[in-house]
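K.L.:
Pasting a structure here, questions to come.
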Amino acid sequence: MTLRSVLLGSALAAVAIPALADEVNVYTTRQAFLIEPVVEAFTEATGITVNLSYIESGLVERLTAEGERSPADLVLTVDIANLQQIVDADVLQPIDNDVLKAAVPEHLRSPDDLWYALTTRARVVYAHKDRVAEGEVTTYEDLADEKWRGRICTRPGVHNYNLALLAAVIAHHGEEAARDWAEGLKANLARKPEGNDRQQVRAVWAGECDIALANTYYMGAMLADDEQRAWAESARIVFPTFEDGGTHLNVSGVAMTKAAPNHDAAIQFLEYMVSPEAQAIYAELNHEYPVLEGAARSELVASWGEPAFDTHDLTEIARNRAAALRIMEEVDFDG
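With mature numbering (1 follows the signal peptide of the UniProt record, and there is no 0) as the guide, the letters of the sequence shown map in order to residues -21 to -1, 1 to 314.
Here it is, written out as structure tokens:
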């Protein structure tokens, strides 16, 4: 029996709440296969159908245009910047729910109850196993040191993942220091920023650079791919920290629309999503970190030990996005 089937069985046994409605409508920027096993377990347990609408782009514009006529109950997306953009569009209602608040740590949810994280991922360093010594990478601040000149690869600086990291640098050290850091990081690049996170790890494998910035869950995705497995196996994950904090986290999160035509069923689904069973299924599928303390992690993620994660307010980090984008453009990071 596979771990997934065990988790699905546990999830079905654990949910005995009667259905309050027949369906929940979810707009998501996450591809359906990443969350379908959780959805299937919830539906089998409650009889409530979850309709997933994958929206690759234009999510905020769609929600704004639909307004209170929107069929969407919930919005599921990745990256704190995306969540904040939805908040700023004024299309959400708060979710004041004791189950969610007990499950999701305070720094991983909106202070005004407008969004809750469901999983987290860290922005870390993939270091070549032979060309980078153990302990050679320690802090994010250290990545701007000239000892890394010509040794770093990253995707474009204006991508949300890197903007979130720079926004966190601003939160820890202020805009002036963040600008110096961005300039130092740019000076240490082995090549022009291009491609996605997996392509950065491929560049480490190919000898184009010694370390790369990428999200943790890509390790699991690459190890599961016949072509990309060698890229992943050439590198080890290192969890740098801020000098005055921990390893930078970003989130996948959920929010409820003002319209929410199936409000009560949506609340049931949300409560299920932070249950130990659902958190374990979600984490196993995506190799992300569950937000619920004590929830099972995938075997791969568990093998990385217990990193010291940053607890800085994600809402503040999201509000620094505009400043981070301005800095990236001023230093011509992608030029």
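All residues carry an ideal CB built from backbone N, CA and C; glycine is no exception.
#1: Decide if Gln10 is buried, meaning its Cβ has at least 16 other Cβ atoms within 10 Å, or exposed.
#2: Quick test of your reading: Phe288 and Gly232, contact by CB under 8 Å. State the CB separation rounded to the nearest angstrom.
#3: Which residues mark the beginning and the end of the beta strand (DSSP E) in which His151 is found?
#4: Counting along the chain, where does the alpha helix (DSSP H) carrying His242 start and finish?
#5: Kindly indicate if chain B contains any beta-carbon less than 8 Å away from that of Phe221.
#6: Run through DSSP, which three-state label would Glu2 get?
#7: Does DSSP put Ala(-9) in a helix, in a strand, or in coil?
#8: For the candidate residues Leu42, Phe312 and Phe248, whose alpha-carbon lies nearest to that of Ala24?
#9: What number of angstroms, rounded off, separates the C-alpha of Arg128 from the C-alpha of Ala191?
#10: Report yes if the C-beta distance between Val104 and Val217 is below 8 Å; otherwise report no.
#11: Using the DSSP secondary-structure output, state which residues sit across from Gln72 in a beta bridge.
#12: Which same chain residues, not among the five before or five after Lys108, have their C-beta less than 8 Å away from its C-beta?
#13: Taking all protein chains shown into account, decide if Arg305 is buried (16 or more other Cβ within 10 angstroms of its Cβ) or exposed.
#14: For Pro269, which beta-bridge partners are listed by DSSP?
#15: Taking 8 Å as the threshold (C-beta atoms), are Val270 and Val253 in contact?
#16: Rounded to the nearest angstrom, what separates Gly151 and Asp223 at their Cα positions?
#17: For Val104, list the residues DSSP reports as bridge partners.
#18: Which first and last residues belong to the beta strand (DSSP E) in which Tyr33 is found?
#19: Helix, strand or coil for Ala167 per DSSP?
#20: Given this structure, state the Cα-to-Cα distance separating Gln63 from Pro73, to the nearest angstrom.
#21: By the DSSP assignment, the alpha helix (DSSP H) with Thr43 in it spans what residues?
#22: Three or more C-beta pairs under 8 Å: does that hold for the segment 163 to 172 against the segment 128 to 138?
#23: Which residue from Ala274, Thr133, Glu295 and Asn299 puts its Cα closest to that of Arg158?
#24: Only counting the same chain, and skipping five residues up and downstream in sequence, which positions put a Cβ closer than 7 Å to that of Val116?
#25: Please report the straight-line C-alpha distance between Ala301 and Asn139, rounded to a whole angstrom.
#26: For Thr290, count neighbouring C-beta atoms within 10 Å of its own C-beta (all shown protein chains included) and say buried if the count is 16 or more, exposed if not.
#27: Since Val57 is in the beta strand (DSSP E), which residue starts that stretch and which ends it?
#28: Specify the secondary structure class of Leu(-14) as computed by DSSP and reduced to three states.
#29: Between the alpha carbons of Met307 and Asp121, how many angstroms are there, rounded?
P.N.:
Reading from the atomic positions:
#1: Residue mapping note: residue 10 aligns to position 31 of the sequence shown, counting from 1. Counting Cβ neighbours within 10 Å, Gln10 comes out exposed, since fewer than 16 surround it.
#2: Translated into the one-based positions of the sequence shown, residue 288 becomes position 309. Translated into the one-based positions of the sequence shown, residue 232 becomes position 253. Not really, about 16 Å apart at Cβ, beyond 8 Å.
#3: Position 172 of the sequence shown, counted from the first residue, corresponds to residue 151. Counting along the chain, His151 falls outside any beta strand (DSSP E), though it belongs to the alpha helix (DSSP H) covering Asn139 to His152.
#4: The residue you call residue 242 lines up with position 263 of the sequence shown. Where His242 is concerned, the enclosing alpha helix (DSSP H) stretches over His242 to Met252.
#5: The structure shown contains no chain B; it is built from a single protein chain.
#6: Position 23 of the sequence shown, counted from the first residue, corresponds to residue 2. Strand, per DSSP.
#7: Here the question's residue -9 lines up with position 13 in the sequence shown. Bear in mind that the predicted position of Ala(-9) carries a pLDDT of just 37, short of 50, making it too unreliable to give a figure here.
#8: Numbered from 1 along the sequence shown, position 45 holds the residue referred to as residue 24. If we check each option's Cα against that of Ala24, Phe248 comes out closest.
#9: Locating residue 128 in the sequence shown gives position 149, counting from the first residue. Locating residue 191 in the sequence shown gives position 212, counting from the first residue. Rounded to the nearest angstrom, the two C-alpha atoms are 13 Å apart.
#10: Residue 104 sits at position 125 when you count from the first residue of the sequence shown. Residue 217 sits at position 238 when you count from the first residue of the sequence shown. Cβ distance < 8 Å, so Val104 and Val217 count as in contact.
#11: Numbered from its first residue, the sequence shown carries residue 72 at position 93. Paired residue(s): Met235.
#12: In the sequence shown, the residue the question calls residue 108 occupies position 129. Only Ser213, Ala214 and Arg215 meet the Cβ criterion.
#13: Mapped onto the sequence shown, residue 305 falls at position 326. Taking all protein chains in view, the Cβ of Arg305 is surrounded by fewer than 16 other Cβ atoms within 10 Å, so the residue is classified as exposed.
#14: As a first step, residue 269 must be located in the sequence shown, where it is residue number 290. Note: Pro269 sits in a beta bridge opposite Thr98.
#15: Start at 1 with the first residue of the sequence shown, and residue 253 comes out as number 274. Start at 1 with the first residue of the sequence shown, and residue 270 comes out as number 291. The answer is yes: Cβ separation under 8 Å.
#16: Here residue 151 corresponds to residue number 172 of the sequence shown, with the count starting at 1. Here residue 223 corresponds to residue number 244 of the sequence shown, with the count starting at 1. According to the sequence provided, residue 151 is His. The question's Gly does not apply to it. Approximately 7 Å between the Cα atoms of the pair.
#17: Within the sequence shown, numbered from 1, the residue matching residue 104 stands at position 125. Note: Val104 sits in a beta bridge opposite Leu192 and Val217.
#18: Along the sequence shown, read from residue 1 onward, the residue named residue 33 stands at position 54. That run of the beta strand (DSSP E) goes Thr28 to Tyr33.
#19: Residue 167 sits at position 188 when you count from the first residue of the sequence shown. Just to set this straight, residue 167 is Asn in the shown sequence, not Ala. Of the three classes helix, strand and coil, the one that applies to Asn167 here is coil, per DSSP.
#20: On the sequence shown, residue 63 is found 84 positions in, with the first residue counted as 1. On the sequence shown, residue 73 is found 94 positions in, with the first residue counted as 1. If you take the alpha carbons of Gln63 and Pro73, they lie about 14 Å apart.
#21: Residue 43 sits at position 64 when you count from the first residue of the sequence shown. Start and end: Leu38 to Glu45.
#22: yes
#23: If you number the sequence shown from 1, residue 158 lands on position 179. Ranking the options by Cα distance to Arg158, first place goes to Asn299.
#24: As a working mapping, residue 116 is identified with position 137 in the sequence shown. Cβ neighbours of Val116 beyond the five flanking positions: Val104, Ala106, Ile190, Val217 and Pro219.
#25: As a first step, residue 301 is located in the sequence shown; it is residue number 322 there, counting from the start. As a first step, residue 139 is located in the sequence shown; it is residue number 160 there, counting from the start. Looking at the two C-alpha atoms, the distance is approximately 11 Å.
#26: Position 311 of the sequence shown, counted from the first residue, corresponds to residue 290. Result: exposed.
#27: For the purposes of this step, residue 57 is identified with residue 78 of the sequence shown, where counting begins at 1. Where Val57 is concerned, the enclosing beta strand (DSSP E) stretches over Leu53 to Val57.
#28: Your numbering for residue -14 matches position 8 in the sequence shown. Low per-residue confidence applies at Leu(-14): pLDDT is 38, beneath 50, and the placement is therefore not dependable enough to give any value.
#29: Counting from 1 along the sequence shown, the entry for residue 307 is found at position 328. Counting from 1 along the sequence shown, the entry for residue 121 is found at position 142. Rounded to whole angstroms, Met307 to Asp121 spans 18 Å at the Cα level.
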